[in-house]
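Worksheet: one structure, shown below.
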Amino acid sequence: MKKILFLACAVFSFKALAMEAPTVIGEYHDWSAYTFKEGKNIVCYMASTPKRDEGNYTRRGDIYAVITHRPAEKSFDVVNFVLGYTLKPNAPFTVKIGKETFTKFFSEGDKSWTINDDEDARLVKAMVRGERMIVEATSNRGTKTKDTYSLKGFARAYQAINAKCGKK
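Taking our numbering, the leading residue of the sequence shown gets 954, the next gets one more, and so forth.
Given below as structure tokens:
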């Protein structure tokens, strides 16, 4: 799996001055787990890139999925997708895992998040049990994309960030 160390800067760039470089907790098949300090607070996250990205586009930036824990803020299981293009406002954004489909997201620029903690928990639970995840979205230019992620190693990476950031 390609290294995803660039993620901390890409995902957390708004707090770049107050954070240190990430440390790898471990690599678990298709997912990697990391930790870093934001000021005095520990942050744990795990990330992966899609195994396949489809769409009729000429250029696309980095694509990845991230799950973040910020225990000092009592924030756990925050799911974030980076699509590599600006998302079309109000266009459908869906995540499919097995027979479950998730549609409750909000987007800004090239990123999308679930709408609340309950949706994060539901999505993470499905990711732990699932084998693959399909993310479908539409760019600001109207290009539809389909990204297929492997969930192999997700459960172990999730256990690693839970242990490191104190989530029970």
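Using N, Cα and C, we set each Cβ at its ideal position, and we do this for glycine too.
By the Cβ criterion, the segment 1081-1098 is not in contact with the segment 979-999, since fewer than three pairs of Cβ atoms, one from each stretch, lie closer than 8 Å. In terms of Cα proximity to T1002, the closest of S1103, K1064, Y987 and Y1111 is S1103. Only buried fits P975, as 16 or more other CB atoms lie within 10 angstroms of its CB. Assigned with DSSP and collapsed to three states, Y1111 falls in helix.
Contact between the segment 1062-1072 and the segment 1031-1048 is present: 3 or more CB-CB pairs across the two stretches fall below 8 Å. By the Cβ criterion, the segment 1002-1014 is in contact with the segment 1093-1102, since at least three pairs of Cβ atoms, one from each stretch, lie closer than 8 Å. For G1106, same chain residues with a beta-carbon under 7 Å away, outside a window of 5 residues either side, are Y981, H982, D983 and W984 in chain order. Taken through DSSP and simplified to helix, strand or coil, A974 comes out as coil. The Cβ atoms of A1079 and G1051 lie closer than 8 Å to each other. Of the other Cβ atoms in all chains shown, fewer than 16 fall within 10 Å of the Cβ of A1116; this residue is therefore exposed. Within the DSSP secondary-structure output, E1089 pairs in a beta bridge with T1047 and K1099. Taking 3 residues as the shortest admissible run, the segment 988-1033 contains the following complete beta strand (DSSP E) segments, listed from N- to C-terminal end: 994-1001, 1005-1008 and 1017-1023. For K1078, the enclosing alpha helix (DSSP H) covers residues D1070 to R1082. Nearest neighbour of P1042 by Cα position, chosen from S1060, I1020, I1016 and A1108, turns out to be S1060. In the structure shown, K1117 falls within a helical segment according to DSSP collapsed to helix, strand and coil.
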